[in-house]
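A quick write-up on the structure given underneath.
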Amino acid sequence: MSEARLVLESTLTCPACGAAKLETMPTDACQYFYECTGCHTLLRPKAGDCCVFCSYGSIPCPPIQASGQGASCCR
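Take the sequence shown: its letter number 17 is residue 17 in the working numbering, and every next letter is one higher.
Written out as structure tokens, the structure is:
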């Protein structure tokens with residue numbers, strides 16, 4: 001999959017309060033932390049996920065989109 005076809009926006013949904021916000025994902029790094037805009041809970045990736053977008057987003061991060069589900073983008 002070419003980079004031009006990657007989806008770069010994902011809706012993050014807070015598991016604590018349910019607040020959802022459309023965010024632009026970084027293409028060159030994993031985002032390990034995200035502060036919920038509703039309740040200010042600090043979100044961290046779930047065990048086995050590489051970033052908050054893979055754990056709480058509507059679309060997985062660009063490196064996972066490019067390499068497929070089950071891949072790891074961050075080492």
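Every residue gets a Cβ at the ideal spot worked out from N, C-alpha and C, and that includes glycine.
Between which residues of its own chain and residue i is the CB-CB distance below 8 Å, once the five residues before and five after are set aside?
i          : result
residue 52 : 12, 31, 32, 33, 34, 43, 44 and 45
Tell me which same chain residues have a C-beta within less than 6 Å of the C-beta of residue i, skipping the five on either side of it?
i         : result
residue 6 : 62 and 65
Just how far apart, CA to CA, sit residue i and residue j?
i          : j          : result
residue 19 : residue 67 : 29 Å
residue 29 : residue 38 : 25 Å
Tell me which same chain residues have a C-beta within less than 7 Å of the C-beta of residue i, skipping the five on either side of it?
i          : result
residue 48 : none
Look at residue i and residue j and say whether their C-beta atoms are less than 8 Å apart.
i          : j          : result
residue 17 : residue 36 : yes
residue 58 : residue 10 : yes
Specify the secondary structure class of residue i as computed by DSSP and reduced to three states.
i          : result
residue 66 : helix
residue 34 : strand
residue 10 : strand
Should residue i go down as buried or exposed, given a rule of 16 or more other Cβ atoms within 10 Å for buried?
i          : result
residue 14 : buried
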